[in-house]
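Data block below; observations after.
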Amino acid sequence: MSQIRFGSRIDDSEINLRTDTIRSLFAVILRLLIGYVFFIAGWEKLTAADPFDAGGYLSGAASAGSPAAGVFDWMSATPLAVEFVNVAIPWGELLVGLGLLVGAFTRLAAAWGAFMMGMVYLGNWTVSSGVVVTREFEYLIVVLSVAAFSAGRVFGADAYLERLDVVQRHPWLRSVLG
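Sequential numbering of the sequence shown, starting at 3, is according to the numbering used here.
See the structure below:
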């Protein structure tokens, strides 16, 4: 079985791994699937007949018993925060999806996707009723796995972006690639 070698460097830590083709392809498939889910979700919100409005969700999340209820309460009561969320959610989903689909800025895309899924998980809080693992939690784990396995370096643009002179001169940029 053929092997693919890939590595990751964050700060002063370097990890070099070799994996077989099947595992690498699995990471790419995960990246593409979750990228598609995010891209379509954002696209549907941006092209809907009515503009996306998170106001009702934010006020409902504040009363759902979430440990982040105070944050959701503040956001729902602050018009600027609601407007930010109204823009950040659809565009964030679209750009996260695009980044994951092409494998560009994969860790940055995955981090933003994980943040969004974490917020949705907290907003749809069901732990008090005994449900811990939800679709949002599963998506959060998948995008974190995509980042952890450097899935953008396998059949993705990050493998090429990391060779750019600007990345060579500023190695910290690798932390958003991969």
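Quick reminder that beta carbons are idealized off the backbone N, C-alpha and C, glycines included.
Using the Cβ count rule (16 or more neighbours within 10 Å means buried), how would you classify residue i?
i       : result
Tyr-162 : exposed
Leu-82  : exposed
Arg-171 : exposed
Val-89  : exposed
Val-134 : exposed
Trp-76  : exposed
Expressed to the nearest angstrom, what Euclidean distance is found between the alpha-carbon atoms of residue i and residue j?
i       : j       : result
Gly-37  : Val-98  : 7 Å
Phe-139 : Tyr-123 : 6 Å
Ala-159 : Ala-153 : 10 Å
Arg-165 : Phe-40  : 27 Å
Asp-167 : Glu-85  : 38 Å
Met-3   : Leu-27  : Low local confidence applies: a pLDDT of 48 at Met-3 is under 50, so the model's placement there is unreliable, and no value is given.
Ala-50  : Leu-60  : 20 Å
Val-178 : Phe-151 : 13 Å
Met-118 : Gly-58  : 17 Å
Ile-31  : Ile-24  : 10 Å
Among the candidates the options, whose CA atom is the shortest distance from the CA of residue i?
i       : options                              : result
Thr-128 : Pro-69, Pro-92 and Gly-94            : Pro-69
Ala-79  : Asn-126, Gly-62 and Arg-33           : Gly-62
Gly-120 : Leu-100, Phe-28, Thr-136 and Arg-109 : Thr-136
Glu-95  : Ala-111, Ser-177 and Val-73          : Ala-111
Pro-53  : Phe-151, Ile-91 and Gly-115          : Ile-91
Val-145 : Thr-23, Thr-49, Gly-132 and Leu-35   : Leu-35
Val-148 : Leu-102, Ser-177, Ala-71 and Trp-174 : Leu-102
Ala-113 : Leu-142, Gly-72 and Arg-25           : Leu-142
Less than 8 Å between the beta carbons of residue i and residue j, yes or no?
i       : j       : result
Thr-108 : Gly-180 : yes
Val-87  : Ala-56  : yes
Gly-132 : Phe-74  : no
Arg-33  : Gly-105 : yes
Ala-29  : Val-156 : yes
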